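Under full-length UniProt numbering, think of the first position of the sequence shown as 1, with each following residue one higher. All C-beta atoms in this analysis are idealised placements derived from N, C-alpha and C, irrespective of residue type, glycine included. These figures come from a predicted structure and were not determined experimentally. Here is the structure we will look at, set down as structure tokens.
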Amino acid sequence: GGAGRGGARALSTVVGSSPSVQCLRVSACVSDLMAAPAGDSSGGDKYRSHLAGEGEKNTVWRHGAPPTYDAVNSLFEAGRTQVFRRSSHPHVRHVEETPSLLFCATGKERLFVAASRQTGGRVCMRRCVTRVFLVPLQEWAKGSLEETVQNAIKTWEMELSHKARIGDFKSVSPGRFTLSVNGGRALTGEETLAMGSYNALLASPILPGTGAYDAAAETFESSHDLFRSAFPRGFAWEVVKVYSGPPVIAFKFRHWGHMEGPYKGHAPTGDKVEFYGVAVLKVDEQLRAEDVEVFYDPGELLAGLIKGPKEEDEEAAALAGRLREAATVSASGADAQPQACPFLGSGKQG
């Protein structure tokens, strides 16, 4: 990214300066890196098409208006796959050791500096830097097959989640689109739109018995509410690798979010929940999807969502604790203090 290259150039300018000037220049370099904007702010969505414009003037939006993706775009840009490469900067000789220098983060690139020795405080060290690692967050080249596939799937997911009529979809081939998951029955576009993407992806006969998810018991809206609650910052998606080009595109993907909200009564854990999968996408001459086959392990997703304790389990544990305390007081013969009835939540004395 441009910010990372600028940071490397700023680091290289410290040669031949006095120690105090070197420290100031390195600190300025770090500040520039941290303040660099993560992405384009020119308006519209960077990763999804068919959200606005003349072609959408008659679109019926499920919630009355086009969605915004600022939160999940930020999650995507900060958390997408990192590709490590080593870069040598032999001219760097004097730096100030600060925590922000040892690890700088931007939306596109991370800069790691490996030091041969470390000292505390604001001390300028001679010959402290041995290696500089530039660690870009994976950003596909503009116009590449990877970027095209990634943005096409993001657009399709947007249309499926937010457009109320299949006739308003621009990312699929009308009348020909089908979706199958893990070798299951191929769903038509109308069927997929009616049940919703989560129900389509989690329509497994095994899952209801686990208590983790039952697609037959969820509606389009309830399924989306479940995952919006569990992932308040969004559920990011990326292409990891593309194996073949059109008209039959095979690719590997990654889906992730942070469970910072409850899921089916399970308390939030704050942990990252993610899973990987592969898909085969058949497209027409206009790169509109005709057939989509998705293969993944739903257990990777759901296990992270039901890891937290259930609220009723916590309530039952609290009740058991109060009962044990009451039994201990009774057995000791001591005068029991007035207790609130454990079976009533009103707080009245029982």
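| Item | Value |
| --- | --- |
| Backbone CA spacing between HIS162 and HIS63 [nearest angstrom] | 7 angstroms |
| Beta strand (DSSP E) segments (min. 3 residues) lying fully within the region 213-254 | 236-242 |
| Cut-off 8 angstroms between Cβ atoms - residues of its own chain near PRO309, not counting five sequence neighbours on either side | HIS266 and ALA267 |
| Cα-Cα separation, ARG228 to THR328 | 44 angstroms |
| Cβ pair ARG233, VAL72 closer than 9 angstroms | yes |
| Selection from ALA212, LYS282 and VAL240 that minimises the alpha carbon distance to GLU300 | ALA212 |
| Secondary structure of TYR198, DSSP reduced to three states | helix |
| Beta-carbon proximity check, ASN199 vs PHE231, cutoff 9 angstroms | no |
| Beta-carbon proximity list for GLY261, same chain, < 6 angstroms, skipping 5 on both sides | SER229, ALA230, PRO232 and PRO268 |
| CB contact check: GLY167 to chain B, cutoff 9 angstroms | Among the chains in the structure shown there is no chain B, since it carries only a single protein chain. |
| For TYR47, the residue or residues it bridges with in DSSP | In the DSSP output, where bridge partners are listed per residue, TYR47 has none listed. |
| Contact belief for ALA215 with ALA203 at Cβ below 8 angstroms, rounded distance in angstroms | 4 angstroms |
| Validate contact between the region 172-188 and the region 67-81 using beta carbons, cut 8 angstroms, 3 pairs | no |
| Under the three-state DSSP convention, the category THR155 falls into | helix |
| Selected residue, minimal CA-CA separation from TRP156, among ALA186, TRP140, THR210 and GLY196 | GLY196 |
| Pairwise C-alpha distance: VAL280 and TRP140 | 19 angstroms |
| Close Cβ partners of GLY270 (< 7 angstroms) along its chain, the five nearest in sequence each way excluded | HIS258, MET259 and GLU260 |
| Simplified DSSP assignment, three categories, for GLN286 | coil |
| Rounded separation between LYS282 and GLU311 - CA only | 44 angstroms |
| ALA115 in three-state terms, based on DSSP | Its pLDDT being 43, under 50, ALA115 is placed unreliably by the model, and the measurement read from it follows with that caveat. Reduced to three states, the DSSP call for ALA115 is strand. |
| Rounded C-alpha distance that separates TRP256 from GLU325 | 43 angstroms |
| VAL239 beta carbon less than 9 angstroms from that of GLN150 | yes |
| Spatial neighbours of LYS264 in its chain, beta-carbon cut-off 6 angstroms, leaving aside the 5 residues before and after | none |
| 7 angstroms CB neighbourhood of THR59 in its chain, flanking five on each side removed | LYS163 and ASP168 |
| Best match in LYS142, SER244, GLY143 and GLU190 for proximity to GLU159 [C-alpha to C-alpha] | GLU190 |
| Residue from TRP237, PHE251 and TYR69 with nearest C-alpha to GLY79 | TRP237 |
| One or two residues paired with VAL149 in a DSSP bridge | None; VAL149 has no bridge partner. |
| Where the beta strand (DSSP E) containing LEU179 begins and where it ends | 178-181 |
| Under the three-state DSSP convention, the category GLU260 falls into | coil |
| Residues near THR148 in its chain [Cβ-Cβ closer than 8 angstroms; skip 5 each side] | LEU287 |
| Three-state secondary structure assigned by DSSP to THR192 | helix |
| Simplified DSSP assignment, three categories, for ASP70 | helix |
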